[in-house]
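Chains as they are written, first to last, in the numbering used here: chain A, 11 to 265; chain B, 11 to 265; chain C, 11 to 265; chain D, 11 to 265; chain E, 11 to 265; chain F, 11 to 265; chain G, 11 to 265; chain H, 11 to 265.
Protein chains: 8
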Amino acid sequence: MNLDRLLKSFKDGEISLEDVKNTLKPVEDLGFAQLDLHREKRIGFPEVIFGENKTTENLIRILQTLVAKGKRILVTRVDPSKGKSIKKELPEVVYHEIAACVTWQKKDNMKEPYPGYVCVICAGTSDIPVAEEAAVTLELMNSRVVRINDIGVAGIHRLINKLDEIKKASALIVVAGMEGALPSVIGGLVSKPVIAVPTSVGYGASFNGVAALLGMLNSCAPGIPVMNIDNGFGAGYFVGLINHNMNGAKKNENV
Amino acid sequence: MNLDRLLKSFKDGEISLEDVKNTLKPVEDLGFAQLDLHREKRIGFPEVIFGENKTTENLIRILQTLVAKGKRILVTRVDPSKGKSIKKELPEVVYHEIAACVTWQKKDNMKEPYPGYVCVICAGTSDIPVAEEAAVTLELMNSRVVRINDIGVAGIHRLINKLDEIKKASALIVVAGMEGALPSVIGGLVSKPVIAVPTSVGYGASFNGVAALLGMLNSCAPGIPVMNIDNGFGAGYFVGLINHNMNGAKKNENV
Amino acid sequence: MNLDRLLKSFKDGEISLEDVKNTLKPVEDLGFAQLDLHREKRIGFPEVIFGENKTTENLIRILQTLVAKGKRILVTRVDPSKGKSIKKELPEVVYHEIAACVTWQKKDNMKEPYPGYVCVICAGTSDIPVAEEAAVTLELMNSRVVRINDIGVAGIHRLINKLDEIKKASALIVVAGMEGALPSVIGGLVSKPVIAVPTSVGYGASFNGVAALLGMLNSCAPGIPVMNIDNGFGAGYFVGLINHNMNGAKKNENV
Amino acid sequence: MNLDRLLKSFKDGEISLEDVKNTLKPVEDLGFAQLDLHREKRIGFPEVIFGENKTTENLIRILQTLVAKGKRILVTRVDPSKGKSIKKELPEVVYHEIAACVTWQKKDNMKEPYPGYVCVICAGTSDIPVAEEAAVTLELMNSRVVRINDIGVAGIHRLINKLDEIKKASALIVVAGMEGALPSVIGGLVSKPVIAVPTSVGYGASFNGVAALLGMLNSCAPGIPVMNIDNGFGAGYFVGLINHNMNGAKKNENV
Amino acid sequence: MNLDRLLKSFKDGEISLEDVKNTLKPVEDLGFAQLDLHREKRIGFPEVIFGENKTTENLIRILQTLVAKGKRILVTRVDPSKGKSIKKELPEVVYHEIAACVTWQKKDNMKEPYPGYVCVICAGTSDIPVAEEAAVTLELMNSRVVRINDIGVAGIHRLINKLDEIKKASALIVVAGMEGALPSVIGGLVSKPVIAVPTSVGYGASFNGVAALLGMLNSCAPGIPVMNIDNGFGAGYFVGLINHNMNGAKKNENV
Amino acid sequence: MNLDRLLKSFKDGEISLEDVKNTLKPVEDLGFAQLDLHREKRIGFPEVIFGENKTTENLIRILQTLVAKGKRILVTRVDPSKGKSIKKELPEVVYHEIAACVTWQKKDNMKEPYPGYVCVICAGTSDIPVAEEAAVTLELMNSRVVRINDIGVAGIHRLINKLDEIKKASALIVVAGMEGALPSVIGGLVSKPVIAVPTSVGYGASFNGVAALLGMLNSCAPGIPVMNIDNGFGAGYFVGLINHNMNGAKKNENV
Amino acid sequence: MNLDRLLKSFKDGEISLEDVKNTLKPVEDLGFAQLDLHREKRIGFPEVIFGENKTTENLIRILQTLVAKGKRILVTRVDPSKGKSIKKELPEVVYHEIAACVTWQKKDNMKEPYPGYVCVICAGTSDIPVAEEAAVTLELMNSRVVRINDIGVAGIHRLINKLDEIKKASALIVVAGMEGALPSVIGGLVSKPVIAVPTSVGYGASFNGVAALLGMLNSCAPGIPVMNIDNGFGAGYFVGLINHNMNGAKKNENV
Amino acid sequence: MNLDRLLKSFKDGEISLEDVKNTLKPVEDLGFAQLDLHREKRIGFPEVIFGENKTTENLIRILQTLVAKGKRILVTRVDPSKGKSIKKELPEVVYHEIAACVTWQKKDNMKEPYPGYVCVICAGTSDIPVAEEAAVTLELMNSRVVRINDIGVAGIHRLINKLDEIKKASALIVVAGMEGALPSVIGGLVSKPVIAVPTSVGYGASFNGVAALLGMLNSCAPGIPVMNIDNGFGAGYFVGLINHNMNGAKKNENV
């Protein structure tokens, strides 16, 4: 914020009263939405659009605004039919069908990914869409991703097979439905930070992911934070932010 | 029941109408309780007394009746102060402090235990009382028990260490609180029947055992039935019944 | 596991390092799924496929792999339209419409069923699909099944009529929705192990099976373990495992 | 209400405006409580005092007012220490220790009980206090009560033994904790109205009576209404009201 | 049951062993359903069919059996399309569209309704279908019904207008969604038994009728029992049973 | 009510007994609905019709009655297809598509709006329909509305930008889904009354608005009352009532 | 905030950079607490202290700071023993035992109360403490209060008796436990704003106030906002804020 | 694990079969507990002891074992009386009263803390114990901590005052009860990773922290993972692990 500096510049007549106020109002008002354009500056990544409750028309309008003004875009929860319509109107965006995401990045914005990689692990094949949402988010945030699918705790051998790859990651996102026990087991085997994502996969007393959510919150492996049910994006974003701070952020003192 | 035979005997005048009715009314009426004295005959084990909501006086009176008429007794949920009072009044019973149970068995009723053993496993030290309730029940029902404590999933090595012993058991009772993941992991490693018992151990979003209960009900390892929260007795009883049917029951055609 | 023997063979040069590692990695990687091919060896029955969230294409690919490599297959939660497509592609499998299951068994694998039978009982006609899932699972696991439908507690006479047949079973699976009281009543009448399966049948405060689940977990008949809501497969599998251990397992020391 | 008659009397000058207003304000204002003195007239029974959250002092003051002005009194949820203090101050009242109720009745108010009897049944000995609250309420309301304790569904024989007595009652109040299945079984055996009362007896997933409450609400026996958890009074009152309407009420046209 | 008499007849050779057994097995086995044909004899009304989870074909087959053997039929939860198909196949039945019920009655079975009437009251227009289910049930059970709709507590004047009619009823069924307060208010105004039926009408924190259910269970008006959410049938059946016992039942000592 | 005056007029023969009774029965009985026509007189606004569970036919009939007899009409929860049909039949009404409301007002009833304005604020674009329901209600109740959309707490700058406009409002309605934190933040910044409306916007552990509802009920900013989930109408009505009482109500002593 | 003016004054050298920053940091840092001293200026009332989780020592230290710097103090949830200790140390404060509040006001700060009065109504005597918390808050905020106790819906006559007094109030706070129906009934009778406060009074399925909370959120009377369970303070504060804005606030343009 | 290397060493006769097995069994068996001694090696930090359900005697015995064999110890949830007893027996440990933790560290193990600092922020003074648990954990894990207390969202100025200090941290742990909104607001202002910890502070509909937990899981600020209610330790451990991996871990290739 540098309020001191801003105020001094203003007092010294270097910037106008209007400038001071504009610096505090970095919002594009679309009427139905207030796009937060300074968010990338402020917190390291542009505003992410939650696509689920928005019409295709509104999504296209938001995308057009952001393509014109931003560097990177992520829209989550875009079902295939919306995805197709958007892609038709804005061919420059990428639609990730399994992840149900739309992404776009300014060509000159693309950078070498950060060193190391993040492991995105899921317990069962039905959990893959949530894991993919995390992976797509991470990749847009400049992190390398290694995906490991279908290694749930009922066949611990499958996990042991992949343990070397898991241990070398810089962080682990573990996605599981049903009883959500995979993060506990992994958290007890490795020294890397684990973020748990419960999914709504299951039936009966899984209560659309509540069983997995509670299981993860009560993990007997220490220090495993948990995202909302099916929130792959959030986990990807969080780990992306860690990578951003460890690697790129330091060089850019404006952030 | 042998209703046919009973009715024939009656018709043939071998037994009286009163006899027929008595056979169907095998109950000792204490006023505040109807002791089901034929239960051992009917389902293989005498009525188990739930001690929690009963006064010490009532428990003693029930015990006196059962010692006089039965062969084996199990009273669960007897806190130490009640246990002490009962023991004072009825020195022939055994009070198991950790399991919070009172047991008694007619001397001439004791038999060689059934072949093989049942593994009673618990995830953490706080789960031991529930595991002990299962173990005491099994032992009174003539089964051998091997106890394995504190091998929760956050240190999978502890489990692997014990795997040989676990695999040789005829059945497994797995007791766990918090996220309740241990039955899933064990169920994926062994070919023996696993019964899961959630405990109220945990805090916050464990909701007094609900997280463990839901985790176990949603286990991704197939075929793991679940008892009520903290119901170690039930698990012991169920496995005891299997052993009873596999071993002793066949010889006694009246059951 | 016989880790000792494995390591000795390796030291003696009888098996290669690769062999040791392969023995611990018995997984077929389909990309979207890691098929656990050693599960039958390890725990007595091959991996069961949960069909609900998988596409018909993926199910067919999994089935093709398993038919090629395994001896028995069970896929649950396969709705009729998926079932029809699978049957068309793989005419050798069986589709069980009421149970919503696909099964397949290698011809030379079929054996004489184990002695005795399991009673699969349901309280109301709406509970039949869940009961059938249990029955189909049991039959694939080599157990004989006797089905008894529609004998809920509101007409206790219907239950009494069937009591002889129930009492002679080696184990009982009792399936009920609404208040889920049938296992309690049966558990009080017989000396055989009872496994309870709540169903989502009911309305209003049945909360899609929660009332039945809670009723069963709190059964006043002792020692009745409970499966997840609508999890007929799990109950069948569990009892199948008991039968497998009592009968066939002993002869096969590799398991 | 006879509003017509009241208004006519007023118009004819037989009663004053003040009288009209007083008839509509039949309340004794104690400051902390508005005693509804016309309730007996209006709905057939005086206001019942819920003792749980009231101080002994307030209860005594309320009782003194009601003894002076009323014919019958019922105070529920009076623990033994409050009960003793009240009894000391007002020796004419009766304190029912198991039911935790205080009752009083004007001597000349006592009448021959209504013909027939109500069966108050409970499933386990821990349910007796709730059943007693129902029984005491019924007796104060002039109904005869037959108490049957400890005949829960896990020993259906105990219930069969008492069936004749149960069938001859005019109505049945069935009190049960845990899975609350007793009303379903009884409701399927008799043609008399059954009112179910869940109790908080149980542990773990009984959730202080929620399991029993849900079980009863979802009873597969038709037409069984349910009271709040532990609300024995309510069930007694409801059946008392039915008896009152069937027997005494018709003769008293003022009600 | 008259077990004594039955056994004596059997001993005296008046009835065969087969007869004794048949008397205890009054069930028509349709394979998918065990129709309880003696229920009318045993508890005063034939088995009621819950139509929701049954196919039209099964419903027709059940109806055909019952028309052939019974005197009265009630099928609840029959949606219009099922209703139409049934009506086409069995023109003698009546389909009640708002109540979603099918009824049928043997011509010579119809009797003069019992004296007096039952008031079926609902709070809002959306509650009418549930109220109608109660009313149709009552009418089939020979009770007169007065329907009063849309007099919820937010306009207490509407209730006051109908108070005379309400007070003269022999019993009141009060149906309400949202906060479910109407039974409390009516229960405080009249001396007749009130049965409360919560409905799933509402949105948001009504949780499909849970708010109304809890409101009714916690009614501050004494003695109001509650049915399951949307269970109009149950309330009608219960009050029908009271009427049956007060009026017709006494003459028929076999019931 | 002026009961005194009414009774005096009656006594003085100025009004008939029928008149007295009619004054207390201001209801139009449509059979399926009891329209409360005196509500505007009694509580300042006519009965509002909840459109969700009513057929288009019934809505039209209700609207016709109200247009004939009333001054203002509000129907909420009218989906577009119902809205279109109503508009076709009754072209004089207004259909608000985003708010899903139908309104109508007698021409000569329209007045100058009350001084000042109400701010209707929503956190995200998906919350707009709920906010619009509040706004449409307020405008029909003669209040000016300023709408501020999409200023959720994740971008507090957007809120700061609008703070001047917010502070000058006479009251604030704050609509938010997800964690529902916006009312807390606004309540800590301004001295105007804030009414919070949770919405069902969110996924997973938002539980259709429960998270937002609980967040608002537990707001650490003091004195923020909360409406039901998605109940924009209720918030608008409540603030409309405050404005009505502060401004117009005083002049009309009949209300 | 007058940011424009502040910045101009700063630019003109009228105030220092330190002044600008201080204006934005109106906090007294006690280490364990950050007292928000400008809150009265900002939102019309000083920070209210929640006493429940604070030690007596901390409460006294906070009170000493606030007495030295503020004009009015309110501490809620102060149990009698804390209250006594505080009163001993700071004799100038008032301890309200039923409301469990400590208040203090600078002598010269006391003003003539605002015109009109607020009705604080409670349904039962057990609800009085919550109602008193509301009343004490209102009185400290300069509003007159009329208290009406124990007029719950089970005796609607008690409410009718008080209706004139209720109707003349400027706003109504309605406090109720159990089913929480009183606000619905009052909201249907009067044209004044009603704020509902659920209490934890009740037992069983009242779930410590959840039943009342849900009942109030689903009120069929329109426009009734709801506070957290037992939050009398919040309701008092909210109505106090309305009165403040209608009366005093306008004269003080700084607020 | 370096299984390859281990196996090779074994084959080469460098290590014995016993050694291989011991490497996989790094557990100290105390009977009631299996201390996982290799955990520090395996995952970077020794096993943390949960003190709540353990007796003082057991805690002392565990501590003695760990002091003898380990380098660092953390015991959480140690109430003051247990803390005092432990401190008396083992004067070398530190008891942190507010955090309710016991820590110990080998003198020669202490190192210079990692560069940078972690901000542990709490919303209200009642949340401090949970925040302290996080802080004590972090400090034992070699991280610097800056504590910021009592800056909840109802006084956003308090937060703004501390924003510079917050922004310079390497990670943020945000602890809050009630509606739990603080992480959302902070997450929208800074580019550093935020971990949210809900606390059980609150009353009524806070449901012992559920409201805060749900609020945090549904945060509209992206990428905020959540710990269990009151789990300060977990948050501290997780951030400690990140710091460990960013700083120290790389140098130690054995981990």
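Here a beta-carbon is modelled for each residue, glycine too, at the ideal position from N, C-alpha and C.
Separation of residue j from residue i, as counted between CA atoms
i         : j         : result
Lys81(D)  : Ile170(D) : 40 Å
Gly242(H) : Glu189(B) : 18 Å
Glu67(B)  : Pro90(D)  : 18 Å
Val88(F)  : Asn228(H) : 29 Å
Leu69(H)  : Glu143(A) : 44 Å
Lys202(C) : Met256(C) : 15 Å
Tyr105(H) : Asn238(C) : 44 Å
7 Å Cβ cutoff, residue i in contact with chain E
i         : result
Asp240(F) : yes
Residue i (DSSP reduced to helix, strand or coil)
i         : result
Phe60(F)  : strand
Pro193(D) : helix
Val249(H) : helix
Pro208(H) : strand
Met11(C)  : Its pLDDT being 42, under 50, Met11(C) is placed unreliably in this model, and the value from its coordinates should be taken loosely. Coil at Met11(C), not helix or strand.
Leu45(C)  : strand
Minimum Cβ-Cβ distance from residue i to chain D less than 7 Å
i        : result
Phe42(B) : yes
Cutoff 7 Å: residue i Cβ touching any chain F Cβ
i         : result
Asn228(H) : yes
Residue-level contact to chain H via CB, residue i, 7 Å cutoff
i         : result
Gly165(F) : yes
Residues sharing a beta bridge with residue i, DSSP
i         : result
Ala186(E) : Pro208(E)
Ile83(H)  : Trp114(H)
Beta carbon proximity, residue i to chain C, threshold 7 Å
i         : result
Ser206(D) : First, the amino acid is wrong: residue 206(D) is Ala here, not Ser. Output row for Ala206(D): interface = no.
Residue i at chain B interface by Cβ criterion, 7 Å
i         : result
Lys21(E)  : yes
Ala231(A) : yes
Minimum Cβ-Cβ distance from residue i to chain A less than 7 Å
i        : result
Arg15(H) : no
Please go through the region 96 to 175 of chain B and give each complete beta strand (DSSP E) segment of 3 or more residues, from N-terminal end onward.
104 to 106, 111 to 115, 128 to 132, 155 to 158
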